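Here the structure comes first, spelled out in structure tokens, and everything after it is commentary.
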Amino acid sequence: MQPDSQHDLVGGPFAVIESDPGVFTTLVRRLGVAGLEVTELYSVEAFATDHLNPYGLIFCYLCEADASAKPEFSAEDDLDDPDAHSIWFANQLSDDACASQAILNVLLNCRGVDLGPELKEFAADTEKMSPVMRGLAISNSSHIREAQNSLARPADLRGAYHSLATTALESAKAKAKADSSPPSKRRKTSTAWSSRRKSARSANAERVDSYHYIGYVPACGRVWELDGLRSSGPLDVGTIESDQPDATGGEGRAGWMDVVRPALQRRMHGADTSSAGHIQYNLLAIVDDPYLRASDELEMLKRERAALERRLAELHPEGWEDK
1 MQPDSQHDLV
11 GGPFAVIESD
21 PGVFTTLVRR
31 LGVAGLEVTE
41 LYSVEAFATD
51 HLNPYGLIFC
61 YLCEADASAK
71 PEFSAEDDLD
81 DPDAHSIWFA
91 NQLSDDACAS
101 QAILNVLLNC
111 RGVDLGPELK
121 EFAADTEKMS
131 PVMRGLAISN
141 SSHIREAQNS
151 LARPADLRGA
161 YHSLATTALE
171 SAKAKAKADS
181 SPPSKRRKTS
191 TAWSSRRKSA
201 RSANAERVDS
211 YHYIGYVPAC
221 GRVWELDGLR
231 SSGPLDVGTI
241 ESDQPDATGG
251 EGRAGWMDVV
261 RPALQRRMHG
271 ADTSSAGHIQ
281 YNLLAIVDDP
291 YLRASDELEM
301 LKRERAALER
311 RLAELHPEGW
321 EDK
């Protein structure tokens, strides 16, 4: 790590951001990654995805406050997978940092992507870390936190600081109460029971539904599901039959959408079932920046035109423009 790098030993709050492709595109660029864009997919069928040739996907869905965001897994899924050791994966330690955590889980496993100096340094520093320590590194990275918070609404940013202050105050009160001498036993009264009921109602009223992000990325000849709440690490979705560069120049991305499509359809069906028919999820794809791709195509056409003009000049020395 560079000597002048800033280390945030305490960290600060992450503010939630909208699950919007424009917001995520800006976040990717402020993290230092060049040449990529985030777009929203409205279908996972081949006609909607093949022309995009995505580097990775991020599935966002609503989690109810009284339900765990962690999906159900079988006992076999919790076993350690040796093939997953080569995948960069970070656990989610901060709920509000889930957007940056999901993006990094995808980007740091993509080949042929210009991560920029900050993320390259971050990837090198966390290469030998465990998923939990990588999650802690994300939470304590001032660069990542500032990039995400710059896209949050002012109200959400104030709410993040208020939540942090409230948590710290309650922790200090609990510690002071534990350190003090135990109070004398008093007879329970109806007033105390009423207070507990009011506290329970207040806690239920403060519970807010939140969104959870899951990444999907092709790497090492397989497709991986990267859920930051999964303690056992990346989940192997399936094997890619051909891990060769495709016609559009993608490195190891040919055919991976055929592997991940059934897993996405199951996720969507589960989200539809729990939301009573209301669409409360969206699917984001990380793709090449269409402007840069179009610029490259335009430059190629200019070169082809120049080559044709030189050839015509050789065939018609007297001039071919007037013919």
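Counting from 1, position 46 in the sequence shown corresponds to residue 46 in full-length UniProt numbering; the numbering is continuous, with no gaps.
Just so it is clear, CB atoms sit at the ideal spot from N, CA and C, and this is done for glycine as well.
Remember, it's a predicted structure, so these values are computed and weren't measured experimentally.
Asked, Found
"Simplified DSSP assignment, three categories, for Glu37", "strand"
"Runs of alpha helix (DSSP H) wholly within the segment 94–170 (minimum 4 residues, chain order)", "98–107, 116–125, 131–139, 142–149"
"Alpha carbon of Ala219 to alpha carbon of Arg266, nearest angstrom", "21 Å"
"Helix, strand or coil at Ser74 according to DSSP, with G and I counted as helix", "Its pLDDT being 48, under 50, Ser74 is placed unreliably by the model, and the measurement read from it follows with that caveat. In this structure, Ser74 counts as coil in the three-state DSSP scheme."
"Close-in-space but distant-in-sequence residues of the same chain around Leu151 (CB under 7 Å, 5 per side omitted)", "Ile17, Val23, Thr26, Leu27"
"Pair within 8 Å by beta-carbon distance, Ile87 and Asn109", "yes"
"DSSP bridge partner residues for Leu226 (one or two, in chain order)", "Gly215"
"C-alpha distance - Asp243 paired with Ala313, whole-angstrom precision", "Unreliable positioning characterises Asp243 in this predicted model, as indicated by a pLDDT of 49, which lies under 50. The coordinate reading is nonetheless provided below. C-alpha separation (whole angstroms): 44 Å."
"Segment limits, alpha helix (DSSP H) that includes Tyr291", "290–315"
"Nearest-angstrom Cα separation, counted from Glu170 out to Pro290", "49 Å"
"First and last residue of the uninterrupted beta strand (DSSP E) at Phe59", "56–63"
"In DSSP terms, what Ile87 is bridged to", "Ile87 pairs with nothing; no bridge assigned."
"Coarse secondary structure for Ala15, derived from DSSP in three states", "coil"
"Buried or exposed by the 16-neighbour rule on C-beta atoms within 10 Å, applied to Met300", "exposed"
"Selection from Leu157, Asp81, Ser231, Thr39 that minimises the alpha carbon distance to Arg134", "Ser231"
"Integer-rounded CB distance, given that Pro13 should sit under 8 Å from Asp96", "7 Å"
"Alpha carbon of Ala90 to alpha carbon of Ala124, nearest angstrom", "14 Å"
"Three-state class that DSSP yields for Leu264 in the structure shown", "helix"
"Spatial distance of Leu164 from Leu157 (CA atoms)", "11 Å"
"Identified DSSP bridge partners for Gln81", "The sequence given here has Asp at residue 81, not Gln. Answer is none; Asp81 lacks a bridge partner."
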